[in-house]
Amino acid sequence: MHFAINGRSYDVELDIRTSLLDLLRDRLGLTGTKKGCDQGACGACTVLVHGERILSCLALAVQYQRREIMTIEGLGTPNALHPLQQGFIAHDGFQCGYCTPGQILSAVGLARELQNGVPSAVTANLTDDAVEVTADEVRERMSGNLCRCGAHNGIVEAVLEYLREPPETGAAR
Amino acid sequence: MTPFRYEKPADTAGAVEISRRAPAARYLAGGTNLVDLMRETIERPETLVDVSHLSGEIRDIDGGGLRIGAGVKNTAVAAHRSVRERYPLLTQAILSGASAQIRNMASVGGNIMQRTRCLYFYDDASRCNKREPGAGCDALQGFTRNHAILGGSASCVATHPSDMCVALAALDASVQLEGPRGARRSLNLTDLHRLPGNTPEIETGLQPGELITAVELHPNRFANRCSYRKVRDRASFAFALVSVAAALDLADDGSIREARLALGGVAHKPWRARTAEALLAGKQPAETQFRQAADAELSAARPLPHNAFKIELVKRVIVSSFVALAQRKEASA
Chain U
16 MHFAINGRSY DVELDIRTSL LDLLRDRLGL TGTKKGCDQG ACGACTVLVH GERILSCLAL
76 AVQYQRREIM TIEGLGTPNA LHPLQQGFIA HDGFQCGYCT PGQILSAVGL ARELQNGVPS
136 AVTANLTDDA VEVTADEVRE RMSGNLCRCG AHNGIVEAVL EYLREPPETG AAR
Chain C
3 MTPFRYEKPA DTAGAVEISR RAPAARYLAG GTNLVDLMRE TIERPETLVD VSHLSGEIRD
63 IDGGGLRIGA GVKNTAVAAH RSVRERYPLL TQAILSGASA QIRNMASVGG NIMQRTRCLY
123 FYDDASRCNK REPGAGCDAL QGFTRNHAIL GGSASCVATH PSDMCVALAA LDASVQLEGP
183 RGARRSLNLT DLHRLPGNTP EIETGLQPGE LITAVELHPN RFANRCSYRK VRDRASFAFA
243 LVSVAAALDL ADDGSIREAR LALGGVAHKP WRARTAEALL AGKQPAETQF RQAADAELSA
303 ARPLPHNAFK IELVKRVIVS SFVALAQRKE ASA
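Heads up: the protein sequence lines correspond to chains U and C, in order. With the numbering used here, letter number 87 in the first sequence gets 102, and the count goes up by one each step, no holes. With the numbering used here, letter number 229 in the second sequence gets 231, and the count goes up by one each step, no holes.
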């Protein structure tokens, strides 16, 4: 099977039952994506496919061939953090860090959904083109990512800051 | 997960043909329910027929109405301009379900075809008539807070978890099906799912091999007065304890020309509340009328040990939904 991940292409022989999550972690060594519940309840395995956030644990890898997949390894580097990564540090958006890659990629996907005018369950006026960025919107839109350390307040602050002050060009996206 | 053969047909006819021939075949779209159940070995298909790349468009129907391809993702439906303006009930319902990630994966057809389920269905240490017909149901003597209050049986009291389907039931949506040898038919969404009876393992009226290709929405007068309200144990990303899709069309004299009502979290299928609707037609939109209609609809409710609260809860949500809709200004949208 052929995969395009973080701008690199991979050819792997794969058991048809392999999830995208297990492909990333166990076969390709991309262990930044985390396995939390492995049943679609926690969001730790969130990755981007063509910029859209999905759960890699519920994804059969075979369905994601030749699509642009981005994991946390493709977002920033230790020397050039993505603004959200910096924001999570600045706002104490994590303790143990296990949910963090999923949280950050989820927030990147969230930003794109907002740009596209996708409403949420707390959006007051569904016919408006633009959605107002509020803490309630962020909480609702990040509800698929659980943090058992309870860093949600810091996460919301970091995401809000990122959404309200779009970074200058040059940051890895 | 048990081994399976994977097929990716070029079109819906090809998908139906593979499914007709292969024993124990299942259609696969977003996989958000099926893959999970396969990992638990509750679902053990021998062939997966990938339809995620098929039926992917939303378009207007001649004479009004909207056709939503079965392969369209839930997010794309909710965000579609025509859905938001003409069927905001559907947008609200979809957005109140699951999480953003799951809505990005899940298709319309898959949302409809997700299993009616409860925690005992998932727990292979429990008896479950759905998992193993005739085995018995441990939910009945178990923790029943989340189970059905309407239409349950001695075999099964699980609820259908879809929010989207509750809105589709209220909107009188029809589901387009393609079967073997090009046979096409249309089924009202409210007739697609079954009550459990003695065969809770059979959840829909689909024939072997039949594939959902689209959902069709008809023109309606409810866009300004409709709402989807969902009550759950946490504010987001949880199944409904109860949910209420309500819509009102008021005549010039202020009376109710037509009311629509469908309930979620209460039954093995999306529950279209036709008794209440019939009582409201032609009446003034007063709180007492709404309460009477809710009482009548729920008179058939049979609570289990831990979910009697749902009866009063859903009645109150029905009444408050309709009261708020009646008070809305004849508006802008």
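Cβ coordinates follow ideal geometry from the N, Cα and C atoms, glycine included.
- With fewer than 16 neighbouring CB atoms inside 10 Å of its own CB, U:Cys164 falls in the exposed class.
- In this structure the region 299–318 of chain C touches the region 143–159 of chain C; the number of beta carbon pairs closer than 8 Å is three or more.
- U:Gln130 has a beta carbon lying at 8 Å or more from every beta carbon in chain C.
- Per the C-alpha coordinates, the member of C:Tyr29, C:Val37, C:Ala31 and C:Tyr89 positioned closest to C:Asp174 is C:Tyr89.
- In the DSSP assignment, no residue is bridged to U:Arg156.
- For the pair U:Ile119 and U:Gln100, the CB atoms are nearer than the 8 Å cut-off.
- Taken through DSSP and simplified to helix, strand or coil, C:Tyr122 comes out as helix.
- Shown here for U:Ser135: same chain residues with a beta carbon closer than 8 Å to its own, the five before and five after excluded, namely Val146, Glu152, Glu155 and Arg156 in chain order.
- DSSP, read as helix, strand or coil, puts C:Asn131 in coil.
- Among the CB atoms of chain C, none fall inside 8 Å of the CB of U:Glu176.
- Per the Cβ contact rule, the region 203–222 of chain C is not in contact with the region 278–292 of chain C (fewer than 3 Cβ pairs under 8 Å).
- In the DSSP annotation of this structure, the continuous segment of the alpha helix (DSSP H) that includes U:Arg179 starts and ends at His167 to Arg179.
- Between C:Ala247 and C:Val168, the C-beta spacing is below 8 Å.
- Distances from the alpha-carbon of C:Gly65 to those of C:Ala303, C:Leu281, C:Arg236 and C:Glu218 put C:Glu218 closest.
- If you check the CB distance, C:Ser176 and C:Leu191 come in under 8 Å.
- In the three-state reduction of the DSSP assignment, U:Val133 falls in the coil class.
- When the beta-carbon positions are compared, C:Lys132 and C:Pro202 come within less than 8 Å of each other.
- Per DSSP, U:Thr46 has no beta bridge partner at all.
- The C-beta of U:Gly159 comes closer than 8 Å to at least one C-beta of chain C.
- With respect to chain U, the C-beta atom of C:Gly33 has a partner C-beta closer than 8 Å.
- C:Gly16 has its alpha-carbon roughly 44 Å from the corresponding atom of C:Phe145.
- As summarised for the region 38–113 of chain U, the continuous alpha helix (DSSP H) elements at least 4 residues long and confined to that stretch are 98–105, given in chain order.
- Residue pairing for C:His82: DSSP places it in no beta bridge.
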